[in-house]
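Reading through the structure tokens given below for one structure.
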Amino acid sequence: MLSRLDRSPVSNWWWTIDRWFLSAFVMLMVLGIVLSFAASPAVAERIGLDSFHFATRQIIFMIPASIVMIGVSFLDARQIRRLALGLLAIMIVLMVAVLYVGVEVKGARRWISFAGLSVQPSEFLKPAFVVITAWLFAEHARQPDIPGNLFAMILLGLVVALLVAQPDFGQTMLTLATWGVMFFVAGMAWFWIIALGAAGITGVFAAYTLLPHVAGRIDRFLTGEGDTYQVDMAMQALLNGGWLGKGPGEGTVKRVIPDSHADFVFSVAGEEFGMVLCFFIMCIFAFIVLRGLNTALKEHDDFTRYAVTGLVTVLGLQSFINMGVNVQLLPAKGMTLPFISYGGSSAIAIAISMGMILALTRKRPEKRSQIHYSMTRARSMAAAE
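First residue of the sequence shown: 842, per the numbering used here; consecutive thereafter.
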């Protein structure tokens, strides 16, 4: 057991980390592994792979994800900014590259392959974008002469342009919504609230008009006509499970849903373990978001307040979109359920985000307390001599 008197980095980390956050993140990781064993065998067998191919890979993904999350949580605010800046620069370059050499899937280029490994740059871009945007807002708040808000708008335009070019409408909306929440927390004027709201409505209308696949998804959601097979099966799975579920391995709908281990793992959880587990998963995400916002509200440092707000907003909105699609509250969109859906890029990227939350919410004693501790210890050593 680590002592409070131990001044080693590990001991200091343990006594300053938000263990409620840490427990929630670990719980999501464990649920992701458990549900991978429930949802993925049918998918693996259908495409001729070993039954536990995806489940084994999910466990393998969680090992580096855990290391990354813990490693990032050791950093201080300045190191978090440096990490985010480097990550942002690399991911912007990769997002440009993916438009030319990326793997095309269903008409979209979102993945790029390195030595047999596929990476989705937009997943890693999100935490970096949030942190750098928070830093720009904080710099403007600290010194209004610095055009931080303007640079944040330029950065938003660049990221949105790259996402639309892929195209990835879901990630675009997620990025815009998160940026808007952070700008609101940073104290935006009513002019900007109205202007950005109008721009958002215009953007949705333009996407519906100019992008056929977006229009198709919205039309299917509103009318129920067309190819709604996956979302219909997902809803059927939730209805089959009832409150307590049919039991581990007893689900049947997962055998006919192509993405049951990824975008629709929430419906598999409902069929086999019931709505009780679904509510539990929702409560974990709600707890993380509410605790993050509450912590940010009490934070005196502008950068930390904006960054934590943005990071938990991304997590909350992404989980809401995934679960909303599963229960037919939102149009179908290929977006993972953080730490629970299968995926290596998603797991590592979310681990970076969670590590940043852990790092930024660590207890930081005031300088006065540190001085008081040093003086008290010096007196104790002098008395002992």
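Beta carbons: idealized from backbone N, C-alpha and C, even for Gly.
Straight-line gap, residue 962 to residue 945 (C-alpha atoms, nearest Å): Along the sequence shown, read from residue 1 onward, the residue named residue 962 stands at position 121. Along the sequence shown, read from residue 1 onward, the residue named residue 945 stands at position 104. In a straight line, the C-alpha of residue 962 is about 14 Å away from that of residue 945.
Residue interval of the alpha helix (DSSP H) (run including residue 1105): Position 264 of the sequence shown, counted from the start, is the residue given in the question as residue 1105. Membership of residue 1105 in any alpha helix (DSSP H) is not indicated, and neither H nor E is assigned to it by DSSP.
Through-space distance from residue 854 to residue 888, alpha-carbon basis: The residue given as residue 888 occupies position 47 in the sequence shown. The residue given as residue 854 occupies position 13 in the sequence shown. CA-to-CA, the gap between residue 888 and residue 854 works out to about 45 Å.
Local Cβ density within 10 Å of residue 1191, reported as buried at 16 or more and exposed below that: Here residue 1191 refers to the residue found at position 350 of the sequence shown. With 16 or more Cβ atoms within 10 Å of its Cβ, residue 1191 is classed as buried.
Per-residue burial, residue 1028 [other beta carbons within 10 Å of its own, 16 or more giving buried]: By one-based count along the sequence shown, residue 1028 stands at place 187. By the neighbour-count definition (other C-beta atoms within 10 Å, threshold 16), residue 1028 is an exposed residue.
Classification of residue 816 by the beta-carbon crowding that lies within 10 angstroms, buried from 16 upward: There is no way to answer for residue 816, as the model of the chain reaches only from 842 to 1226.
Own chain residues within Cβ distance below 7 Å of residue 891, not counting five before or after: Along the sequence shown, one-based indexing puts residue 891 at 50. Hits under 7 Å: 885.
Contacting residues, own chain, Cβ-Cβ under 6 Å from residue 1164 (five flanking each side not counted): Locating residue 1164 in the sequence shown gives position 323, where the first residue counts as 1. Cβ-Cβ distances below 6 Å link residue 1164 to 1107 in the same chain, with the five nearest sequence neighbours on each side left out; the list follows chain order.
Which of helix, strand or coil DSSP assigns to residue 858: Here residue 858 is taken as the residue at index 17 of the sequence shown, counted from 1. Taken through DSSP and simplified to helix, strand or coil, residue 858 comes out as coil.
Buried/exposed call for residue 1124, threshold 16 Cβ in 10 Å: Here residue 1124 refers to the residue found at position 283 of the sequence shown. With fewer than 16 other Cβ atoms within 10 Å, it is exposed.
Residue 848, DSSP secondary structure in three states: Position 7 of the sequence shown holds residue 848. Coil, per DSSP.
Nearest neighbour of residue 910, chosen from 1205, 1204, 1201 and 1194 [CA to CA]: For this step, residue 910 is matched to residue 69 along the sequence shown. Looking at 1205, 1204, 1201 and 1194, the one whose alpha-carbon comes closest to that of residue 910 is 1194.
Integer Cβ distance of residue 1001 from residue 991, believed to fall under 8 Å: One-based indexing of the sequence shown puts residue 1001 at position 160. One-based indexing of the sequence shown puts residue 991 at position 150. About 16 Å separates the CB atoms of residue 1001 and residue 991; that is not less than 8 Å, and the two are not in contact.
Integer-rounded CB distance, given that residue 969 should sit under 8 Å from residue 1229: Absent from the structure is residue 1229, since the part of the chain shown begins at 842 and ends at 1226.
DSSP state of residue 1140 mapped onto helix, strand, coil: Here residue 1140 is taken as the residue at index 299 of the sequence shown, counted from 1. Residue 1140: coil per DSSP, three-state reduction.
Proximity below 7 Å, CB of residue 1196 to CB of residue 913: Here residue 1196 is taken as the residue at index 355 of the sequence shown, counted from 1. Here residue 913 is taken as the residue at index 72 of the sequence shown, counted from 1. Yes.
Distance, residue 1172 Cα to residue 1053 Cα: To locate residue 1053, count along the sequence shown from 1; it is residue 212. To locate residue 1172, count along the sequence shown from 1; it is residue 331. Rounded to the nearest angstrom, the two C-alpha atoms are 14 Å apart.
Within 7 Å, strictly: CB atoms of residue 1092 and residue 1130: In the sequence shown, counting from the first residue as 1, residue 1092 sits at position 251. In the sequence shown, counting from the first residue as 1, residue 1130 sits at position 289. No, the pair does not count as a contact, with Cβ atoms beyond the cut-off.
Ordered list of alpha helix (DSSP H) runs contained in the region 1018-1059, each at least 4 residues: DSSP runs (the alpha helix (DSSP H)) wholly in the region 1018-1059: 1031-1051.
Residue 1071 classed as buried or exposed, judged by whether at least 16 other C-beta atoms fall within 10 angstroms: Residue numbering aside, residue 1071 sits at position 230 when the sequence shown is read from its first letter. Result: buried.
Residues sharing a beta bridge with residue 945, DSSP: For this step, residue 945 is matched to residue 104 along the sequence shown. Beta-bridge partners of residue 945 (DSSP): 950.
In DSSP terms, what residue 958 is bridged to: Position 117 of the sequence shown, counting from 1, holds the residue named residue 958. Paired residue(s): 955.
Through-space distance from residue 933 to residue 927, alpha-carbon basis: For this step, residue 927 is matched to residue 86 along the sequence shown. For this step, residue 933 is matched to residue 92 along the sequence shown. So the alpha carbons of these two residues sit roughly 10 Å apart.
Where residue 1085 sits in the DSSP three-state scheme: Position 244 of the sequence shown, counted from the start, is the residue given in the question as residue 1085. Note: residue 1085 maps to coil in three-state DSSP.
Length-filtered (3 minimum) beta strand (DSSP E) runs lying within the region 870-905: Counting only runs of 3 or more, we get nothing.
At least three beta-carbon pairs within less than 8 Å, the region 968-984 to the region 1030-1050: With the cut-off at 8 Å, the region 968-984 and the region 1030-1050 do not touch.
Classification of residue 882 by the beta-carbon crowding that lies within 10 angstroms, buried from 16 upward: Residue 882 sits at position 41 when you count from the first residue of the sequence shown. Buried, because 16 or more other Cβ atoms sit within 10 Å of the Cβ of residue 882.
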